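Each residue of the sequence shown is one higher than the one before, counting from 41 in this note's numbering.
Okay, structure first, notes after.
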Amino acid sequence: MKRWLIALICIAIAKGTAYADRARSLRAIAVVSADAGASREIADRIMLKLSADRSMALVEREQLDLIDDEQAIALLGHTTSERIKVGRLLAADMLVLVARENTAGGLMVHVLVCDCETGARIGGSRVPFDTDGINEIVAEIRSALSRFPDGIRTIVTVPDFISRDLGFDHSHLQADLADLLREILLQKQGLAVVEINEARSIAVELERTGGDLRRLVPLLVEGEYRTDPRGQEGPSISIKVTLRKGEQEAVRIESGAIPIDAAGAFIVGTVQPEALNLLSESGGPGDAPGASFTRLIARADQFAEIGDFERAAALREAALLLQPQAVDQRVALVREYARWNHDPVEVWPRAASKGWDGPFWEYVVGQCRASWRRSLQHVERLILNRQVDLKVGGELFEDTIHSICGIRPTNAAQLGEEERLKKDFIRHVAPALFQLPSSDSPSMREQQRELAVYRIFEMAFLRADGNFLHEEDLDLVGDLLCELLPEDTPVPMVLLYRLKDGTRMFGGDPERNVSPEAWARFARRLMNSPRPLAKACGQYAWLCDHHYRLNQVSEALLAEAESLSASLDSAPLETLDISRHLKQVANEELGWARGAWQKTMATSALSRQEAAPPPNPTPSVEGPLVQAEGTILCERVRLDPLEILLVSQGPGSEKLEGHRWRAAGGSYGWLEIIPAWEGLDVVFSTGAILFLGADQTAREILVGEELSIGSVVFDGRHVWASGGYDQGVYVIDRDGHLVAHITAADGLPDSSYCTPLHVIGPGRVLAAGSIGIKGRGWLATLELVGTRPRVNVFHEAVKAWPHGDASAEAALDPTMRFFPEWIMGHRDETGQRWIYVGRSRHGAPLMVDLDALAVRVYAGEFPRREGPASAFLSLHGLLYIAGSSGDFRAFRLDRQTHGFVNAIERTNHYWHSGNATAGRLTVHDGYLYSIGDTLWQRYHLASRREEILIKLPRSLPDYGSGVAWNLAVSRCFGLVAWHGEKIYRVSVDPKRSGRD
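See below:
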């Protein structure tokens, strides 16, 4: 447990009236302790050490007591502006902040030396609390003074470097390289090195107070790098650094490809001398605030583009201190905070503990809590000052509050203070939403008002500190309805849902729901409100409580329901209930109350009468016909079950159907059949790869709990298998031997989820993957040269999607992040080959020119966005696509637009339903087979004759299970279909045209 005690040591050169007669070289030191306990001991010991220096004068404690409470003064020293204030208050030139910390290794003292005129940090150390440690503190103070005999001559700002890597293995270098440069520059006389947040605070404070900002001639150092783990002489790094000083032309320094171990030497030996050389030149004045603002925003945009919202937010905060009126940048900042807080960790550091109670996650939670609070302040400013319209204001209001959910699942118990802040924020800001301007039509504005109030009540019921309901939540809702929101605020459905749920909002758990007494007080408060809508909501809450909790039926209850319904059809509620949501639910309760009362009154008369049983539905005559030998006849299709025997790596054998393999994330049965060598197929599960022979036995080849197999292909020579969880790609020969395991050591990027594969030639496949929970996507070709893999990553997609994903420009940018779902190939009528990669959630797939490996986004509406790859089939220059219904379409690629156009006229307009994954294609004996949810058919490719094989889906076994049928041409059994884990050999009766 950490306990921080703060002390201030003020090293002052006399400036004020009280020090006007003091010699310029005399230093006045004020040692201020945070309390009268152990912190005072540190202060006294430092004063004793410094008292021997005749060039320093100690400020007496009586003088400090006249200034302010010591602890308050100590706490002022944590921000740049407050350091300046404290320095001026004490007529000081420098401050030294000292913090005492109890650690497992004993008592430690942190020291931070700051310049009072600018607030910049000019020195610091961390030492044990003992005699040697106190000596080190005193030495640090004297060292800082010696380095700045004439004060700060210039300030160097060094933001963290930008990583241009696809992955995160070397992301630590972003801070490490910047820290190295900061540290070596810090030793130079008169030079203050600051981070970006401190630099912008200094600039604003000096500009506001008339300080000599332009005298400082600040230098901005911006760096970026990219690593190559497979450099010719080992892992390498390429570093680019830009030095900007005032209005002078920027100086650019590039390392070229150098060993990663030489990165530090490049910073020290090349970048540092260039920076010092630039500082030694007699340059012009420093940047104007407008130029600094522009550079900060440009740098923030660079970080935001690659999804590094934490650093982007820090830079944008800096820019806003230079131009607080930049509303668009404040809006961008709030959205960056929200996106960062929603997903604070993109990839968990390999060396960090994976537990939610580990130090890494503890640090993340602390950062998120701080940024969440900061974002509330920005939203409050934007809305209360009416700097955004109703649409944007409503979005920011909801996104900001909801972003606490990034840490809420694991740390809700720590977020009690955040819940209190949320309630204060809603009370203060929600009413102002309805004062925001709107440039839309009156009808659109009313829709925006309804959406805004929906967001308000949704956030009111969403507790930061857990899933439960407390009476204080009802107090907030009551305040909003009865006092805070405009009287004509629409009633949202989310509120009506909660009023209906009442004390059962979280099921029957009494510890998570409010008490019936608290709910009754809440309903009575609303019913007693002079506001008509609030009163009607209270009546509805009262009705639902008696209906659902108490299960009461009475004439009084019916009268209350009739009164509520009638009031909603007359003034003023008829006008105020604009959406008529309240009228709708009130009528539902009225209908129930009438029916329940009539049933109660008729109970005695009907008590001896038995209700007539409902007529039995006419049984369907449709369904599969099961023959004596187990064959199933489904209209024209004959399904012969195949019983596959599993031969595992362990002792014994069992049926393939029903067996489970443990894998990453759980236990799974077999998933798919992949035709391979003559007389041999591949069957795979998430945790296993098996070879299936004509003797109906499946033999385990690769099994492992660490596996996460999701894609298997056959290139004519080898089987390639891939999965997620960064497990790489496996290559297996016909004998079941593992020929290669392609991993990061071979240059293959990590893939956190799935890695779909597609064969592009013998010994060659194309792979797609994504890194982290935010989807840094990549495409690569994998080639087996002998037994050595060759990896070529030819496309990287690291840009983060803009807010709302609605940007037309972003939609056509192939470098936007993505999660790959499927890959399919097409050879057009000219023979050119194309690859299409389906992207989760982001519309059109990527389109790859396979010869040039050039990547674009498919322009226009793609015929079918959903996978799997077996729904697509390229044949004779046409692309056939199965629909979820079982029908299909054929397309030709337009060479000018690069879009697909219909090649065969089809009449069924309902061939595919969006988001549906049913629908498979395969070719067998000159026929194209197409199956789906409602139809099985085949299409003779030569004659274009079409045959319906199954038109009644009830004819199939297990109808209504929701599991899609799959189809393939086995190398062992010919045409096969499988449904779940049951495999059937498929044949078509040429004589049958339906059921006999």
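Cβ coordinates follow ideal geometry from the N, Cα and C atoms, glycine included.
Computed from a prediction, not measured in an experiment: that's the story for all the values here.
Cβ-Cβ separation, PHE724 to GLY776 (assumed contact under 8 angstroms), whole Å
Numbered from 1 along the sequence shown, position 736 holds the residue referred to as residue 776. Numbered from 1 along the sequence shown, position 684 holds the residue referred to as residue 724. Not really, about 13 angstroms apart at Cβ, beyond 8 angstroms.
Restricting to Cα atoms, I'd like to know which of ARG503, ILE307, GLY518, VAL419 is closest to ALA452.
Position 412 of the sequence shown, counted from the first residue, corresponds to residue 452. Residue ARG503 is the option with its Cα nearest to ALA452.
Length at least 3, wholly inside the stretch 749-813: the beta strand (DSSP E) runs in chain order
749-754, 759-763, 769-772, 778-782, 797-801, 804-811
6 angstroms CB neighbourhood of PRO796 in its chain, flanking five on each side removed:
Locating residue 796 in the sequence shown gives position 756, counting from the first residue. SER751, ALA808, PRO860, TRP862, ILE863.
Between the stretch 422-439 and the stretch 484-496, do three or more beta carbon pairs fall short of 8 angstroms?
Yes, the stretch 422-439 touches the stretch 484-496.
Pick helix, strand or coil for TYR403, following the three-state DSSP scheme.
The residue labelled residue 403 in the question sits at position 363 within the sequence shown. Three-state result, TYR403: helix.
Per DSSP, what kind of secondary structure is ARG904 in: helix, strand or coil?
Residue mapping note: residue 904 aligns to position 864 of the sequence shown, counting from 1. Here ARG904 sits in coil by DSSP.
For GLY787 versus PRO269, is the C-beta spacing smaller than 8 angstroms?
For the purposes of this step, residue 787 is taken as residue 747 along the sequence shown, with counting starting at 1. For the purposes of this step, residue 269 is taken as residue 229 along the sequence shown, with counting starting at 1. The answer is yes: Cβ separation under 8 angstroms.
Between LEU968 and the rest of its own chain, which residues show a CB-CB distance below 7 angstroms, the 5 nearest in sequence each way excluded?
On the sequence shown, residue 968 is found 928 positions in, with the first residue counted as 1. Cβ contact annotation for LEU968 (same chain, cutoff 7 angstroms, sequence separation greater than five): TYR920, LEU961, ARG978, TYR979, LEU981, in chain order.
Applying the 10 Å Cβ sphere with the 16-neighbour rule, what's the burial state of PRO399?
Residue mapping note: residue 399 aligns to position 359 of the sequence shown, counting from 1. When all chains shown are included, PRO399 counts as exposed.
Ordered along the chain, which non-local residues of its own chain (more than five positions away) have a Cβ less than 6 angstroms from that of LEU215?
Counted from its first residue, the sequence shown places residue 215 at position 175. In the sequence as displayed, the identity of residue 215 is Ala instead of Leu. Same-chain partners within the cutoff: ASP200.
Going along the chain, which residues of its own chain have a beta-carbon closer than 8 angstroms to the beta-carbon of GLN475, five neighbours each way excluded?
The residue you call residue 475 lines up with position 435 of the sequence shown. ARG426.
Excluding the 5 residues flanking TYR765 on each side, which residues of the same chain have their C-beta closer than 6 angstroms to its C-beta?
Walking along the sequence shown from the start, residue 765 turns up at place 725. So the qualifying residues of the chain are ALA704, SER748.
What does a CB cutoff of less than 8 angstroms around GLY296 pick up in its chain, not counting 5 residues either side in sequence?
On the sequence shown, residue 296 is found 256 positions in, with the first residue counted as 1. Around GLY296: SER278.
Using 8 angstroms as the threshold, is the C-beta distance between ALA837 and ARG816 below it?
Numbered from 1 along the sequence shown, position 797 holds the residue referred to as residue 837. Numbered from 1 along the sequence shown, position 776 holds the residue referred to as residue 816. Cβ atoms of ALA837 and ARG816: closer than 8 angstroms.
Does VAL367 come out as helix, strand or coil in the three-state DSSP assignment?
Here residue 367 refers to the residue found at position 327 of the sequence shown. Note: VAL367 maps to helix in three-state DSSP.
Touch check for the stretch 478-485 and the stretch 446-461: three-plus C-beta pairs under 8 angstroms?
no
Straight-line Cα distance separating VAL281 from GLU289:
Translated into positions along the sequence shown, residue 289 becomes position 249. Translated into positions along the sequence shown, residue 281 becomes position 241. So the two alpha carbons sit approximately 14 angstroms from each other.
What three-state label does DSSP hand HIS980 in the structure shown?
The count along the sequence shown starts at 1 and reaches residue 980 at position 940. HIS980: strand per DSSP, three-state reduction.
Give the single residue among LEU514, GLY506, ARG571 whose Cα lies nearest to the Cα of LEU525.
The residue labelled residue 525 in the question sits at position 485 within the sequence shown. Checking every option, the nearest Cα to that of LEU525 belongs to ARG571.
Is DSSP giving GLY456 helix, strand or coil here?
By 1-based counting over the sequence shown, the position of residue 456 is 416. Helix at GLY456.
Quick check on LEU88: buried or exposed, where buried means 16 or more other Cβ atoms within 10 Å of its Cβ?
Within the sequence shown, the letter at position 48 stands for residue 88. So LEU88 counts as exposed.
With DSSP as the reference, identify every bridge partner of ASN832, one or two as the case may be.
To locate residue 832, count along the sequence shown from 1; it is residue 792. Within the DSSP secondary-structure output, ASN832 pairs in a beta bridge with THR821.
If you draw a straight line from the alpha carbon of HIS758 to that of GLY744, how long is it in whole angstroms?
Here residue 758 refers to the residue found at position 718 when the sequence shown is read from its first residue. Here residue 744 refers to the residue found at position 704 when the sequence shown is read from its first residue. Near 20 angstroms, if we compare the C-alpha coordinates of GLY744 and HIS758.
Residue burial classification, GLY926 (beta-carbon count within 10 angstroms, cutoff 16):
In the sequence shown, the residue the question calls residue 926 occupies position 886. Here GLY926 is buried, its C-beta having at least 16 other C-beta atoms within 10 Å.
By Cβ distance below 7 angstroms, which residues in the same chain neighbour LEU918 in space, the five residues on each side in sequence not counted?
Indexing the sequence shown from 1 puts residue 918 at position 878. Hits under 7 angstroms: ALA930, PHE931, ARG932, ALA943.
Look up LYS1022 in the DSSP assignment and give the residues it is bridged to.
As a working note, residue 1022 is residue 982 in the sequence shown. DSSP lists HIS1019 as the beta-bridge partner residues of LYS1022.
Cβ neighbours of LEU852 in the same chain (closer than 6 angstroms, five flanking residues each side left out):
The sequence position of residue 852 within the sequence shown is 812, counting from 1. Only VAL897 meet the Cβ criterion.
Is it true that the CB of GLY801 sits closer than 8 angstroms to the CB of HIS781?
Position 741 of the sequence shown, counting from 1, holds the residue named residue 781. Position 761 of the sequence shown, counting from 1, holds the residue named residue 801. Their beta carbons are not under 8 angstroms apart, which means HIS781 does not touch GLY801 by this criterion.
7 angstroms Cβ shell around ILE174 - same chain, five flanking residues per side excluded:
Position 134 of the sequence shown holds residue 174. Within the same chain, ILE174 has close Cβ partners ARG85, ILE86, LYS89.
Work out the CA separation of GLU869 and THR855 for me, nearest whole Å.
In the sequence shown, counting from the first residue as 1, residue 855 sits at position 815. In the sequence shown, counting from the first residue as 1, residue 869 sits at position 829. Cα to Cα, the separation comes out at about 28 angstroms.
Please state the DSSP three-state secondary structure of PRO659.
In the sequence shown, counting from the first residue as 1, residue 659 sits at position 619. Because the pLDDT of PRO659 is 37, which lies under 50, any placement of that residue in the model is unreliable, and the number read from its coordinates should be weighed accordingly. Note: PRO659 maps to coil in three-state DSSP.
Reduced DSSP category for LYS462 - H, G, I as helix; E, B as strand; rest coil:
Counting from one through the sequence shown, the residue named residue 462 turns up at place 422. In this structure, LYS462 counts as helix in the three-state DSSP scheme.
Inter-residue Cα distance where the pair is THR671 and TYR708
Start at 1 with the first residue of the sequence shown, and residue 671 comes out as number 631. Start at 1 with the first residue of the sequence shown, and residue 708 comes out as number 668. Cα-Cα distance, rounded: 27 angstroms.
Below 8 angstroms on the Cβ atoms is my contact criterion, and I expect GLN22 with ILE447 to pass it. Report the Cβ-Cβ distance as a whole number of Å.
Lying outside 41 to 1036, the shown extent of the chain, residue 22 is not represented and no answer is given.
C-alpha distance - PHE940 paired with TYR876, whole-angstrom precision
By one-based count along the sequence shown, residue 940 stands at place 900. By one-based count along the sequence shown, residue 876 stands at place 836. PHE940 and TYR876: Cα-Cα distance of roughly 12 angstroms.
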